[in-house]
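Here UniProt numbering is used: position 26 in the sequence shown is 26, and no number is missing along the way. Yeah, the Cβ is synthetic: ideal placement off N, Cα and C, and Gly gets one too. Here the structure is a predicted model, which means the values were calculated and not measured. Scroll down for the structure; my scribbles are underneath it.
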Amino acid sequence: MEEKKHNLFRREGKGDEKPGYLPADIVFIIEEKKHNLFRREGNNDLEICIEIPLVDALTGCSLPIPILGGELDFVI
Numbered sequence: 001m002e003e004k005k006h007n008l009f010r011r012e013g014k015g016d017e018k019p020g021y022l023p024a025d026i027v028f029i030i031e032e033k034k035h036n037l038f039r040r041e042g043n044n045d046l047e048i049c050i051e052i053p054l055v056d057a058l059t060g061c062s063l064p065i066p067i068l069g070g071e072l073d074f075v076i
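Structure below.
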């Protein structure tokens, strides 16, 4: 079962306007779907877990790290 998170954003007085009435609130509900590589941690942090061989971690290497919209060469 896919875990989904919901974020609700309310903007007071930014909705429908009618003469003689106070402006209504507008509410946005954002549904967050699980991603294959990234997960959201905390408020707005994206995390990715990548396994690397111990020898590379100890001696250093360059790794292509997937980012939104491309890749980043990360040097250890």
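Asked, Found
"Would you report the Cα separation of Pro19 and Cys49, rounded to the nearest angstrom?", "54 Å"
"Looking at the unbroken beta strand (DSSP E) that takes in Leu63, where does it start and where does it end?", "62-67"
"Would you check if the stretch 8-16 and the stretch 25-33 touch, i.e. whether three or more CB-CB distances between them fall below 8 Å?", "yes"
"Check each candidate in Ser62, Gly13, Phe74 and name the one with the smallest Cα separation from Ile26.", "Gly13"
"Who does residue 84 pair with in a DSSP beta bridge?", "Any answer about residue 84 is impossible in this case: the structure gives the chain only from 1 up to 76."
"Between the beta-carbon of Ser62 and the beta-carbon of Asp45, is there less than 8 Å?", "no"
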